[in-house]
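Heads up, the final residue of the sequence shown is numbered 97 in the numbering used here, and it's a clean run with no missing numbers. For every residue, glycine included, the Cβ atom is placed at its ideal position computed from N, Cα and C.
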Amino acid sequence: NAQFRKHFTTYASKAAPIRSVLSEAMQHEIVDYYLRTRKDMYFSFRGKHVYVAVSEDKDLLEPYVFRSNVSFELIREFYEDLKLLLEIIEDIDASH
2 NAQFRKHFTT
12 YASKAAPIRS
22 VLSEAMQHEI
32 VDYYLRTRKD
42 MYFSFRGKHV
52 YVAVSEDKDL
62 LEPYVFRSNV
72 SFELIREFYE
82 DLKLLLEIIE
92 DIDASH
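The structure is reproduced here in structure tokens:
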């Protein structure tokens, strides 16, 4: 996937193509998510474990003191982040 290679750098200890870990469809989803949010994303595949990190410019653990913490937009962002991460895990489970 040329778009995936354009936006993400991959490293491997063995000659393992990325498509053996992430399907073409999932690579496309990750690129779409990145282009929509511009959040840096990091993936690590070690044995049977997958580690995923998504950068966030908000301080997620510090609530507002002088204004409401209720924000549908913030909830939607959290939902989309978690949804993508779960889809990646499901895609990997389905292909292995």
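For the options Arg37, Leu36, Met42 and Lys49, the alpha carbon positioned closest to that of Thr11 is the one of Met42. Of the candidates Phe79, Phe73 and Ser14, the residue whose Cα lies closest to the Cα of Ser45 is Ser14.
Nearest Cα to Glu74 within the set Thr38, Ser24, Val22 and Met27: Thr38.
Met42 is bridged by DSSP to Val55. C-alpha of Arg68 to C-alpha of Phe79: approximately 20 Å in a straight line.
Between Lys59 and the set Lys40, Ala26, Leu23 and Gly48, the nearest pair of CA atoms involves Lys40.
Nearest C-alpha to Asp82 among Phe5, Glu57 and Ala95: Glu57.
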